[in-house]
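Heads up: the protein sequence lines correspond to chains A and B, in order. Letter by letter, the first sequence follows residues 1 to 95 in the numbering used here. Letter by letter, the second sequence follows residues 1001 to 1253 in the numbering used here. Taking it in order: structure first as structure tokens, then the write-up.
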Amino acid sequence: MMTTEWPLWEIFIRGQHGLNHRHVGSLHAPDAEMAMKNARDVYTRRNEGVSIWVVEAKHITASSPSDKGPLYEPAESKVYRHPTFFDIPDEAGHM
Amino acid sequence: MTDQDALLEYLLRLGDNTLILGHRVSEWCGHAPVLEEDIALANTALDLIGQTQMWLGLAGEVEGKGRTADDLAMLRDVWDFRNVLLVEQPNGDFGQTILRQFLFDAFHFDLLTALSRSANDQIAGIATKSLKEVTYHLERSSETVIGLGDGTDESHRRMQAALDLLWPYVGEMFVADDVDTALQAQGIAPDLTLLRQSFDARLADVMSEATLTLPENSFAHAGGKTGFRHSEHLGHLLTQMQWLQRAYPGATW
């Protein structure tokens, strides 16, 4: 069956210069340009952003929740992978 | 007509256009076909009402009788309004609303661009501020007109019907009267014949992309911007917009 629903887009906004784009939510739009405009209206009306990325949701490959164990658990017992065994010299300040 | 009278009249035209269209567009709030359009229309309405506060605020100052922007918006009757007939026309379907928006945005954009160089600094300031918002309105309405005109059979049919319906209201925006010529002579307002040329060029581009056909009839309704004869729709709009101040005079939040 043909759907009349517009495709779903995921919206990423960079809040201030120097910060990364962050996922803020999703919306429907017929094409990328309208997705950009809709994102402007839906997500930046309170001056939130300086840059917008839109990605059609179908292009995002997500990990499956059932893969949680095999994907992430092996890292849990390997504390030596965390850089917590170094003394940071005072002069270095906050890192 | 003194210079002050002409200036007041001109400011009322600017403020009433944005007020009446802003109110019309706000009628979509909660009713638009999709959530995204609902929010976009509400944003447009809010922009226009914000611009109204500046234009009518300045109009009140120029008049010098202590009337505020709120007084001018809420306590005048049909015959006092100076908006063009186009903006008081009913919303119709979504396509009709968007086409009306595009026709006004295209005029508004060129008008504000010219006014941002006005000899009157206050007018130039308000125009410059408004132009940022209106640039986006025009971008959005042009693309939506193109998308719907060059869309499905049904959307094309509805857009052509909207164009046939609204076309007779386009001419009024560009007809200069004594007020326009007086302010043009002082370098405050632009030459409307130049604005029309720019409007026609933009219109031709968008209509061709939207695969819509401009009606050949050049008849133009008049009477809105002079206040001589508004369409019946304005009175109905005002009963909605003004009822609270009329029923409870001076009510505040």
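Here a beta-carbon is modelled for each residue, glycine too, at the ideal position from N, C-alpha and C.
Exercise for the section: Would you kindly report the start and end of the unbroken alpha helix (DSSP H) that includes glycine 15 (chain A)? Expected result: Note, glycine 15 (chain A): premise wrong, no alpha helix (DSSP H); not H, not E.
Handout entry: Exposure of methionine 1001 (chain B), with buried meaning 16 or more beta-carbon neighbours within 10 Å
Key = exposed
Exercise for the section: Pick out whichever of B:Ala1247, B:Gly1250, B:Val1134, B:Phe1107 has its Cα sitting closest to the Cα of proline 1190 (chain B). Expected result: Residue B:Phe1107 is the option with its Cα nearest to proline 1190 (chain B).
Handout entry: Cβ-Cβ distance between tryptophan 6 (chain A) and glutamate 56 (chain A) below 8 angstroms
Key = Result no, Cβ atoms of tryptophan 6 (chain A) and glutamate 56 (chain A) do not sit closer than 8 angstroms.
Exercise for the section: Compute the Euclidean distance between the alpha carbons of valine 1145 (chain B) and leucine 1099 (chain B), then round it to the nearest angstrom. Expected result: It is roughly 6 angstroms from the alpha-carbon of valine 1145 (chain B) to the alpha-carbon of leucine 1099 (chain B).
Exercise for the section: Select from B:Leu1035, B:Gln1096, B:Leu1007 the residue whose C-alpha is nearest the C-alpha of glutamine 1122 (chain B). Expected result: Residue B:Leu1007 is the option with its Cα nearest to glutamine 1122 (chain B).
Practice task
List the DSSP bridge partners of glycine 25 (chain A).
Solution key: A:Ile11
Handout entry: Exposure of tyrosine 1169 (chain B), with buried meaning 16 or more beta-carbon neighbours within 10 Å
Key = Counting other Cβ atoms within 10 Å of its Cβ, tyrosine 1169 (chain B) reaches 16 or more and is therefore classed as buried.
Practice task
Alpha carbon to alpha carbon, how far is valine 1179 (chain B) from glutamate 1009 (chain B)? Give it in angstroms, no decimals.
Solution key: Approximately 7 angstroms, taken between the alpha carbons.
Handout entry: Where the beta strand (DSSP E) containing isoleucine 52 (chain A) begins and where it ends
Key = Boundaries of the beta strand (DSSP E) around isoleucine 52 (chain A): 51-56.
Practice task
Have a look at histidine 1137 (chain B) and asparagine 1091 (chain B) and give me their C-alpha separation to the nearest angstrom.
Solution key: 17 angstroms
Practice task
Less than 8 angstroms between the CB atoms is what I'm expecting for histidine 1221 (chain B) and leucine 1085 (chain B), so what's the real figure, rounded?
Solution key: 5 angstroms
Problem - Counted within 10 angstroms of its Cβ, other Cβ atoms place alanine 1073 (chain B) as buried (16 or more) or exposed - result: buried
Practice task
State yes or no: is the C-beta of valine 1084 (chain B) nearer than 7 angstroms to some heavy atom of the ligand COA?
Solution key: This structure simply doesn't include the ligand COA, nor any ligand for that matter.
Practice task
On a CA-only basis, which of B:Gly1224, B:Leu1166, B:Leu1195, B:Leu1115 is nearest alanine 1095 (chain B)? Give me that one, please.
Solution key: The sequence shown places glycine at residue 1095 (chain B), rather than the alanine named in the question. Answer by Cα proximity: B:Leu1166.
Practice task
Give every residue of the same chain whose Cβ lies closer than 7 angstroms to the Cβ of valine 42 (chain A), excluding the five residues on either side of it in the sequence, and list them in chain order.
Solution key: Leu27
Handout entry: Residue of B:Leu1234, B:Leu1012, B:Gly1030, B:Arg1202 minimising C-alpha distance to serine 1142 (chain B)
Key = B:Arg1202
Handout entry: Cα-Cα separation, proline 83 (chain A) to proline 70 (chain A)
Key = Counting only the Cα atoms, proline 70 (chain A) lies some 23 angstroms from proline 83 (chain A).
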